[in-house]
Amino acid sequence: MRYNSPTFQLALVATTLLLTTTVRRLLDNYLLQQAPSDVNLAYERHLPTSIVACISGFVGIILVNLIGFRYIFMFYSLTNIVYASSVVVSYQYRSSVFQGVALLINVVGYDIGRVATLVVVLAYPGERWKARALGVFLILEYLSATMGDVIALQNHDPKEKRFPGAVAYLATACLAPFVAMAIAPSHRVVREDGVYLLTLPTDIKHEIKESAKLFTNKYMLLLIPYMFSYPFLFGAGSFDLGNPFSFITYDVGKILVILMGQMLDVQWAGRRTRGTCALAVVVAVYLLAFALTTETREYKYDFSGLDAGWPREKSIEYIRTQVLKQQYSVLLGVSFLSGMVSGMIELFGYWVMGTLTNDLNSSARFVGTYHGFMALGGLAGFQLSENVHDGLYPSRIPYYLAAALTLASLLLSYFVVRRISETNDWTLGMIAIDHQSYGSQSSDNASELVAAAADVKYRHFRSQEQEP
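In terms of the numbering used here, the sequence shown opens at residue 6 and continues consecutively.
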């Protein structure tokens with residue numbers, strides 16, 4: 006396997022994530038003795054980290070295109086070391102200030118690193134492996150979170166026994182920057198047929214201009230509700246049952262995202278047909294999850310033991326206990342289907358974006374925008390859930406509003422799926438125009454860029470001619 010091959014570079018990225026995100030999700034709850042919580046850091050319920058995640062997604066666009074993958078993964082690795090250090094320090098000192106600051110720093114690194122990861126996974130694999138590669142990288146996070154929740158539930162060791170684990174976590178985190186340093190610049194990555202990946206030079210002004218232009222792209226405008234709506238529904242429809250097993254079943258549901266990857270990659274039909282069928286599956290699973298969730302929300306629970314004189318906290322705890330007691334198996338089914346829909350929507354959205362463009366710069370803009378709107382949707386949903394109440398219960402209005410928006414956004418995305426062709430568009434005129442905006446480049450560089458794109462287009466036409 007060549008060092009500058011896409012496969013080897015994807016392996017380096019995966020190793021970096023194993024030493025950072027995966028290890029953290031495995032040990033975090035156990036080391037801090039926290040109950041399992043939502044695994045998707047892109048739209049969690051805490052206001053400060055949600056705001057940071059939203060901003061980081063958009064900042065990731067510029068950073069991916071300006072400084073490249075190697076330095077972003079090095080930065081993420083360093084923020085993970087800072088966070089691991091704060092966990093070790095928390096065993097010696099009671100103050101949580103350092104840990105709080107370290108958490109925010111790590112959220113910045115995580116979200117920018119996630120944008121870079123998804124851009125790499127969209128750009129590097131061959132067409133027949135793109136969705137499955139996305140699924141594998143998403144499962145790295147989902148599965149580690151599930152195992153981490155199980156570890157936290159099964160082990161309640163005293164601080165003295167957990168401290169060596171915290172030190173081992175820090176030592177493992179310190180290995181990640183060295184792996185990240187080995188990641189090659191994208192312009193040096195060469196496919197097996199000798200074609201280089203196309204990366205256009207850029208600067209801050211150009212990135213801001215091109216990112217702003219996304220909002221005049223009709224396909225992006227159709228996808229923005231898709232990006233925003235499900236995290237909005239997840240937040241608006243959330244009601245903390247205080248049951249850790251609901252998070253585990255949610256995680257297990259997300260792991261099944263690999264089935265969606267298989268459906269999108271296996272060449273049983275053209276890309277547009279596969280995309281349309283996958284969208285139909287997403288809608289069907291979403292409607293099933295919505296029906297089951299609605300049934301649990303409208304179920305006539307027996308709260309006859311509720312005392313009007315109880316404090317609010319005690320009343321809410323009583324309600325949670327009764328809801329779990331009377332609808333336990335159904336609620337676990339809701340968690341499973343919700344996780345399945347969440348994973349499918351995320352993977353399908355990234356796959357669709359991967360069909361719209363082949364160059365890394367544009368992919369970063371699509372992915373960063375998607376990530377930013379996901380965080381924004383979760384932020385809005387959780388704030389409505391926590392601040393709009395009907396007595397002791399979360400109001401039904403935000404939930405049904407978000408559910409309707411999600412269904413509408415899935416239907417709107419069909420018009421983007423209809424745009425999918427059998428190969429991504431390559432516009433040589435765009436390359437020439439981009440080159441003219443950079444007067445410092447030599448004509449030789451422009452010729453190389455056009456030649457690279459022309460070579461890819463030529464190879465595509467030749468392959469089309471050879472197909473029966």
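Backbone N, C-alpha and C fix where the C-beta goes; we use that ideal spot for every residue, glycine too.
Once DSSP output is grouped into helix, strand and coil, what is the label at residue i?
i, result
"Val195", "strand"
"His211", "helix"
"Cys179", "coil"
"Leu205", "coil"
"Gln97", "coil"
"Ser234", "helix"
"Asp162", "coil"
"Ser10", "coil"
"Ala173", "helix"
"Arg423", "coil"
"Gly348", "helix"
"Leu433", "Because the pLDDT at Leu433 is just 30, under 50, the model does not fix this residue reliably, and the point stays unresolved."
"Asn85", "helix"
"Asp312", "coil"
"Ile144", "helix"
"Pro403", "helix"
"Ile324", "helix"
"Leu187", "Strictly speaking, residue 187 in this sequence is Ala, with Leu absent from that position. Three-state DSSP puts Ala187 in coil, outside helix and strand."
"Trp273", "coil"
"Gly359", "helix"
"Gly131", "coil"
"Asn45", "Unreliable placement is indicated for Asn45, whose pLDDT of 49 sits below 50; no coordinate value is reported for it."
Going by C-alpha to C-alpha distance, which of the options sits closest to residue i?
i, options, result
"Ala369", "Leu17, Phe142, His161 and Leu219", "Leu219"
"Leu293", "Val346, Gly73 and Leu123", "Val346"
"Val57", "Gly383, Leu406, Thr411 and Leu412", "Gly383"
"Leu238", "Ile350, Glu165, Gly140 and Thr360", "Ile350"
"Val287", "Tyr306, Leu415 and Pro53", "Leu415"
"Glu146", "Leu261, Leu109, Ser390 and Ser334", "Leu261"
"Tyr96", "Arg167, Tyr405 and Gln159", "Arg167"
"Leu123", "Tyr323, Gln388, Leu15 and Gly344", "Leu15"
"Gln388", "Val87, Phe371, His376 and Ala407", "Ala407"
"Val195", "Ile425, Tyr8 and Thr411", "Tyr8"
"Val335", "Leu361, Ala296, Gly359 and Ala409", "Ala296"
"Thr301", "Ile60, Arg401 and Leu127", "Arg401"
"Ile144", "Glu303, Phe308, Gln327 and Gly344", "Gly344"
"Ala19", "Pro236, Thr177, Val141 and Val372", "Val141"
"Ala481", "Ile156, Pro403 and Tyr375", "For residue 481 there is no data in the structure shown, the boundaries of the chain being 6 and 473."
"Cys59", "Asn85, Pro206 and Pro236", "Pro236"
"Gly280", "Val422, Val257 and Gly354", "Val422"
"Thr54", "Lys164, Arg99 and Ile110", "Ile110"
"Lys164", "Gln38, Thr84 and Ser149", "Gln38"
"Thr207", "Phe420, Asn366 and Tyr375", "Asn366"
"His376", "Thr84, Gly118, Ala178 and Ile72", "Gly118"
"Phe353", "Glu318, Val64, Glu391 and Gly266", "Gly266"
For the alpha helix (DSSP H) containing residue i, list its first residue and its last residue.
i, result
"Lys305", "Counting along the chain, Lys305 falls outside any alpha helix (DSSP H), and DSSP gives it neither H nor E."
"His376", "Leu365 to Asn392"
"Leu71", "Leu52 to Ile72"
"Leu37", "Val28 to Leu37"
"Asp270", "Val262 to Asp270"
"Arg119", "Val102 to Ala128"
If you drop the 5 nearest sequence neighbours on each side, which residues of the same chain put their C-beta closer than 7 Å to that of residue i?
i, result
"Ile229", "Phe378"
"Tyr174", "Val28, Leu32, Leu36, Ala89 and Val92"
"Leu17", "Val184, Ala187 and Ile188"
Suppose the cutoff is 8 Å on Cβ atoms and the five residues either side in sequence are ignored; what does the same chain contact list for residue i look like?
i, result
"Gln272", "Arg133"
"Lys210", "none"
"Ile263", "Arg137, Gly140, Val141 and Ile144"
"Arg424", "Tyr224 and Leu361"
"Ser10", "Val194, Val195, Arg196 and Glu197"
Spatial neighbours of residue i within its chain, please: CB distance less than 6 Å, with the 5 preceding and 5 following residues excluded, ordered by chain position.
i, result
"Ala181", "Thr21, Leu24, Thr25 and Ser82"
"Ala121", "Val69, Phe74 and Ile77"
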